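Residue numbers (the numbering used here): 163 to 309. All C-beta atoms, glycine included, are put in the ideal place defined by N, C-alpha and C. Small disclaimer: the values here were computed from a predicted structure and weren't measured.
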Amino acid sequence: MKIDSTEFGTFEVSEDKIIDFPAGLPGFEQCKRFALVHEEGSEVAVLVLQSADDPDVAFSLADPATLGIHYEFALSDEESALLGLAKPEDALVTVIVRKDGSDAGSPTTAGLRANFMAPVVINAAGRRGLQKVFTKVGCDITLRAGD
């Protein structure tokens, strides 16, 4: 399948690599099909979740562990069913990151701000995803620096 991207131009992705977001992402509900991509020659610490439905919609994602963060939360039964998760280890937990304008530190994670209040969860085996939005003010999220 050909995907048009403002950031990457036009590229090919196998249909079996497309990730379906049945509900879309908050604010982008019309975008339901995505591909995970990264720039050639770049570190894979940050991936791009590129919409196959809109070339202008793309999100930078990172595994919290690559940021030195141990991050855990529970999915509801409905969320697990939507993802079709058979095994917890099939869940790829990521957070949306954006550049902070600072270039200090490691080149792969320097100047990144991560949104831990709305992680993106992908069933790596079933190719389905969702964004879990924590709406409760004062939601308890414990972040522990990795070893």
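For residue i: DSSP bridge partner residues
i    : result
Q293 : V282
D166 : T172
D182 : R195, R290
A276 : V259
F190 : L187
Beta carbon of residue i nearer than 7 Å to that of residue j
i    : j    : result
D252 : N277 : no
R289 : I165 : no
F196 : L211 : yes
V283 : V255 : yes
S167 : P217 : yes
P184 : V295 : no
G186 : K179 : no
A243 : T228 : no
Host alpha helix (DSSP H) of residue i (start-end)
i    : result
A243 : 239 to 245
Residue span of the beta strand (DSSP E) that contains residue i, given as start and end
i    : result
F221 : 220 to 224
A253 : 253 to 261
L229 : Element bounds for L229: n/a, residue is neither H nor E.
L211 : 208 to 213
Cβ separation of residue i and residue j, assumed to be a contact under 8 Å, to the nearest whole Å
i    : j    : result
L209 : V219 : At roughly 15 Å, the Cβ-Cβ gap does not stay under 8 Å, so L209 and V219 are not in contact.
M279 : A214 : With 8 Å as the limit, M279 and A214 do not qualify as a contact, their Cβ atoms being about 26 Å apart.
Is it a yes or a no for the segment 238 to 250 touching the segment 208 to 228, going by three-plus beta-carbon pairs under 8 Å?
-> no
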